[in-house]
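Worksheet: one structure, shown below.
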Amino acid sequence: MRKNIVAGNWKMNTTVNEGVKLVSEIIEKSKDLSNVKLIVAPPFTHIFSVGEKLKGTDIGLSSQNCASEAKGAYTGEVSAEMLANIGVEYAIIGHSERREYYKECSETLLKKVKLALANGIAPIFCVGENLTEREENRHFDVVKQQIEEVVFNIDENDFEKIIIAYEPVWAIGTGKTATSEQAQEIHAHIRKVLSNKFAEKAENTSILYGGSCKPSNAKEIFAQPDVDGGLIGGAALNADDFIAIAKSF
Ligand code: PGA
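Heads up: the sequence shown at position 97 corresponds to 154 in my numbering, and the numbers run straight through without jumps.
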């Protein structure tokens, strides 16, 4: 059985104090949630403090990135080993903002995914097409290639640890959301692509939707058979909205 997951990507928002306050509210408001796994992904500077708050809860701790090299002279980078050492369990890898603004390509992303896995961190691997690719009807091919170039190159035994997030770039932070039909259609496609390599194991992969997901649209999107939750940006910065989304299952 695959898990329902709602993950909050805080991006470059909140100070440490604000992040600790936010996670405290999330912990308090999520007490009666049972059918969904919550994950929070604060900025690097807050991970340790947020992790201390999360001790004894079921809420997962994620980073938003990790280095593509194991260690050494890479100024400004944070390694998967360092993250694992302070209790990080998940890492968002290949978010479209990293692909676009920091020119991260599949080759780099594969190195990050492998290092995360080697350190016991579960990758939340993001895929998704931009507006031009959608308008040219290339979205199915784009996500297929993004998956084949990275996920197809990990060990079969590691595959079950991977979470996929489908995030159409045109829906991220824009207020535009994919319709529930568009989400289902491409999530089913992603699962089919995964099954080409990993057969029935793909049935157990959680595939999250991301892109302007909010309390008002989460229920309809999460009701789709191949949508197993959400990767939430803006709405994850408000504990009430984040929990309302998680209650949409
Ligand atoms: P959004 O971001 O919910 O603000 O659109 C989603 C994401 O980028 O993970």
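Glycine is no exception: its CB is placed at the ideal position from the N, C-alpha and C atoms. All values reported here derive from a predicted model rather than from experimental measurement.
Taking 4 residues as the minimum length, the alpha helix (DSSP H) runs contained wholly in the stretch 236-291 are 237-255 and 272-279, in order along the chain. Annotation note: the stretch 155-220 contains the following uninterrupted beta strand (DSSP E) runs of length 3 or greater, listed N- to C-terminal: 179-184.
Closer than 7 Å to some heavy atom of ligand 1: that describes the Cβ of H152. With fewer than three CB-CB distances shorter than 8 Å, the stretch 90-97 does not count as touching the stretch 135-143. When DSSP states are grouped into helix, strand and coil, I84 belongs to the helix group. With a threshold of 16 other beta carbon atoms within 10 Å, A259 meets it and is buried. Collapsing the DSSP output to three states places I116 in coil.
Sequence-distant Cβ neighbours of K169 in its own chain, meaning closer than 6 Å and more than five residues away, are C123, S125 and I150.
The continuous beta strand (DSSP E) containing A98 extends over residues K94 to A98.
The shortest CA-to-CA distance from D89 to any of E217, D115 and V80 is the one to D115. According to the DSSP assignment, I300 belongs to the alpha helix (DSSP H) that extends over A296 to A303. In this structure, I62 keeps its C-beta atom at 8 Å or more from the C-beta atom of S119.
In terms of Cβ geometry, H152 and F197 do not form a close pair [threshold 8 Å].
The three-state secondary structure of I149, taken from DSSP, is strand. In the DSSP annotation of this structure, the continuous segment of the alpha helix (DSSP H) that includes N142 starts and ends at A137 to N142.
Ranked by Cα distance from I84, the first of D212, G177 and V107 is V107. Leaving aside the five residues that flank T231 on each side, the residues in its chain whose CB is nearer than 7 Å to its CB run, in chain order, S269.
The continuous stretches of alpha helix (DSSP H) do not include I62, which lies in the beta strand (DSSP E) extending over residues I62 to N66. Rounded to whole angstroms, the separation of the alpha carbons of N214 and L251 is 14 Å.
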